[in-house]
Amino acid sequence: MSTLKVDQVSKLFRSTSRGGGLTAALRKVSFEIPQGEVVTLIGESGSGKSTLGKVILRLIQPTSGTITFDGRPIDKYPQREYYQYVQGVFQDPFSSYNPIYRADRVFELVRGTYFPRMGGAEWEAKVEGALDAVALNPADVLGKYPHQLSGGQQQRLLIARALLLDVKFLVADEIISMLDASTRVDILNLLVKLKKQGLAILFVTHDLSLGNYVSDRTIILRHGAIVEMGATPKVFGNPRHDYTKMLLTAVPELHKKWQHTPLGPVTAAGDAAVTVDSALATDVITAGGNGAVATAVAHATLLDEFSHAEAVVKRDLRAVFSREGRGSAAVSALLAPPSLTEFEPDHLVAEPE
Ligand SMILES: Nc1ncnc2c1ncn2[C@@H]1O[C@H](COP(=O)(O)OP(=O)(O)OP(=O)(O)O)[C@@H](O)[C@H]1O
Ligand SMILES: [Mg+2]
């Protein structure tokens, strides 16, 4: 059974604003998706949903934490093999095609990489099987240019391309938000059908009603951290976290993006309150309290892809060593997720902030 396991995954981005602060796009995110399960990932704009999808798809490196597929860390798979099992489809089908090539070129690229020795007839049968699975008629789509296809057809073609491979896990990042209402339902029904055939899906959406329709479990992400997670009927039927409740009460505004709330001040362990920006812009992180040296050391390696941050952390480490008890809490606060408690079986909720 192929399970995707995300374990304590964090991602820090260097912010482009002056002062070079960090954005914690993911904060110690952990969950598992077994074969045949659809998990909806919901959160406002900027909450880290696409970052999580990209980390799973190996398009970006996590800053810390591990992701395993079938028990093996995903970065240990040869790339070709990994993408045979794990594929992504994204929000904007139009940008996935090169307008100067026929749309089915996306299939030929798969053939060149994965099935270079497959004979013509066998390949055609395979393509037809994949098109059939997404309810496309080969005559309607093969040989056409992208502009000759509808958004729904383009999105189905991309799903069909994933199905040409031995795909077991699909990251579907807002794949229906650009489609009209009836096409949306078709694509959703397609996902349900693929799930029944054993495909696991991480279904990223702003739209709670769609998440409810399609998924077994729901994860609510806020500011890069999970605040509520559980069986979809429990999360939707009995939301416990104020943020989930807020999202649910906002449902009538179906086609509106959620309002982005900046990360804002992060409360460090102990009595200190530091803001992300000031923590990294100042010469010494003055988080006070009892920042543990071990935490600082761990985060020094986490941050080494950002030379600026690395310098700050190294300098800060020296400060920690020379002035015991100071310095590291700000960095750990940046990554600290809210603690989750079990409300009832399969329903985890963060404590109020
Ligand atoms: N390459 C990057 N460099 C710097 N910051 C980034 C990068 N990608 C994402 N971010 C930041 O990380 C945070 C999470 O972004 P992400 O795209 O994951 O959000 P999202 O939940 O997918 O939002 P949306 O619903 O709008 O698609 C945001 O603050 C974003 O600005
Ligand atoms: Mg996104």
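Numbering of the sequence shown is given in our numbering, commencing with residue 218 and proceeding in unit increments. All C-beta atoms in this analysis are idealised placements derived from N, C-alpha and C, irrespective of residue type, glycine included.
Determine the direct distance from the alpha carbon of residue j to that of residue i, and round the result to whole angstroms.
i, j, result
"Gln252", "Ala398", "28 Å"
"Gln296", "Phe307", "19 Å"
"Arg244", "Arg231", "15 Å"
"Val226", "Asp357", "42 Å"
"Tyr460", "Asn406", "28 Å"
"Ala242", "Pro279", "10 Å"
"Ala352", "Thr558", "43 Å"
"Leu552", "Thr466", "29 Å"
"Gly447", "His364", "41 Å"
"Val272", "Gln414", "25 Å"
"His564", "His458", "11 Å"
"Ser262", "Pro554", "18 Å"
"Ala338", "Lys412", "28 Å"
"Val452", "Ser394", "22 Å"
"Val323", "Tyr314", "8 Å"
"Val344", "Asp433", "30 Å"
"Glu325", "Tyr299", "19 Å"
"Leu425", "Leu464", "8 Å"
"Ser556", "Thr240", "20 Å"
"Tyr294", "Gly238", "33 Å"
"Val491", "Ser281", "Any reading at Val491 must be qualified, since the residue scores a pLDDT of 33, below 50, and its modelled position is unreliable; the value itself is stated next. Roughly 22 Å separates the two Cα atoms."
"Ser495", "Tyr362", "Residue placement at Ser495 is poorly supported in this model, since its pLDDT is 34, which falls under 50; the coordinates still yield a value, given next. When rounded, the distance between both Cα atoms is 51 Å."
"Tyr318", "Pro569", "52 Å"
"Ile392", "Asp309", "7 Å"
"Asp390", "Thr422", "7 Å"
"Arg334", "Thr283", "35 Å"
"Arg328", "Lys228", "34 Å"
"Thr330", "Gln371", "21 Å"
Using 7 Å as the cut-off, classify the Cβ of residue i as near or not near the heavy atoms of ligand 1, replying yes or no.
i, result
"Ser312", "no"
"Thr577", "Any property of residue 577 remains undetermined from this structure, which presents the chain solely from 218 to 570."
"Phe230", "yes"
"Lys413", "no"
With DSSP collapsed to three states, give me the class of residue i.
i, result
"Gly337", "helix"
"Leu229", "strand"
"Ser281", "strand"
"Gly305", "strand"
"Lys410", "helix"
"Met446", "strand"
"Phe248", "strand"
"Ala342", "helix"
"Thr558", "strand"
"Val223", "strand"
"His458", "coil"
"Asp563", "coil"
"Asp424", "coil"
"Val255", "strand"
"Pro290", "strand"
"Phe332", "coil"
"Asp357", "helix"
Leaving aside the five residues before and after residue i along the sequence, list all residues of the same chain whose C-beta is less than 8 Å from its C-beta, in chain order.
i, result
"Asp383", "Gln301, Tyr302"
"Leu438", "Val246, Leu258, Ile259, Gly260, Ser264, Gly265, Lys266, Leu269, Val444"
"Gly369", "Leu396, Asp397, Thr400, Asp403, Ile404"
"Leu366", "Ala320, Val358, Leu374"
Using 8 Å for Cβ pairs, my map puts residue i next to residue j. What's the rounded Cβ distance?
i, j, result
"Ala377", "Ala350", "7 Å"
"Arg275", "Ile250", "Not quite, the Cβ-Cβ distance comes to about 16 Å (not below 8 Å), so this is no contact."
"Val441", "Thr435", "Here residue 441 is Gly; the residue named in the question, Val, does not match the sequence. With a Cβ gap of about 17 Å, Gly441 and Thr435 do not count as contacting."
"Leu381", "Ala342", "So it is not a contact: roughly 11 Å between Cβ atoms."
State yes or no: is the beta carbon of residue i nearer than 8 Å to at least one beta carbon in chain B?
i, result
"Gln225", "Although the question refers to chain B, the structure presented lacks it and comprises just one protein chain."
Going by beta carbon distance, what residues of the same chain come within less than 7 Å of residue i, once the five residues before and after it are set aside?
i, result
"Ala379", "Gln304, Val306, Leu387"
"Val431", "Val255, Thr257, Leu405, Leu408, Val409, Phe420"
"Ala417", "Leu221, Ile250, Pro251, Gln252, Gly253, Glu254, Lys385, Phe386"
Can you give me the Cβ contacts of residue i inside the same chain, cut-off strictly under 6 Å, excluding the 5 residues immediately before and after it?
i, result
"Asp287", "Ser219"
"Lys222", "Glu249, Thr285"
"Ile277", "Lys271"
"Phe311", "none"
Given the structure, does residue i come close to ligand 2, in the sense that its CB is under 7 Å from one of the ligand's heavy atoms?
i, result
"Asp424", "no"
"Glu325", "no"
"Glu298", "no"
"Asp390", "yes"
Next item on the list: For ligand 3, list every residue whose C-beta falls under 5 Å from any of its heavy atoms, going in chain order.
Entry: Of the ligands this structure carries, namely ligand 1 and ligand 2, none is ligand 3.
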